[in-house]
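>
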């Protein structure tokens, strides 16, 4: 199987590496953590939906994800022991989070200004009535 283009791996099908292991330590809707050990570099294939927004990290370093089949994804793993994390981080979610936080800050600022204005007006009203 050959893949081309940016961030694509050139793959050759081979037998699995003897003694290599991959253990899932956490599996949730938006995150999969694995412990991987291998005597040589290889490809870790996760037979899970490959949907845009998934990010792969090997020992906290972001790595490109290779689509293997319509419903699986893979990441290149160097020889040795590694912590691998697949996390779902769609770009639209972060954008929405930033916009929501900015809107909340604006609302709280306006609310604070209204409260301060009310307090000042109450002080002016009580000060002139004496």
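Residue numbers (this note's numbering): 1 to 130.
Each residue gets a CB set at the ideal place from its N, CA and C atoms; glycine is no exception.
#1: Around the C-beta of residue 79, are 16 or more other C-beta atoms found within 10 angstroms, so that it is buried, or is it exposed?
#2: Leaving aside the five residues before and after residue 20 along the sequence, list all residues of the same chain whose C-beta is less than 6 Å from its C-beta, in chain order.
#3: Given this structure, state the Cα-to-Cα distance separating residue 89 from residue 53, to the nearest angstrom.
#4: Quick check: what's the CA-CA separation for residue 23 versus residue 115?
#5: Rounded to a whole number of angstroms, what is the C-alpha to C-alpha distance between residue 63 and residue 55?
#6: Nearest CA to the CA of residue 71: which residue from 49, 57, 85, 86?
#7: Just mark residue 106 as buried or exposed, buried being the case when its beta carbon has 16 or more other beta carbons within 10 Å.
#8: Mapping DSSP to helix, strand and coil, what is residue 37?
By the coordinates alone:
#1: Exposed, since its Cβ has fewer than 16 Cβ neighbours within 10 Å.
#2: Once the five neighbours on either side are set aside, the close Cβ partners of residue 20 are 38.
#3: 5 Å
#4: C-alpha separation (whole angstroms): 56 Å.
#5: 8 Å
#6: 49
#7: Residue 106 comes out exposed.
#8: Residue 37: strand per DSSP, three-state reduction.
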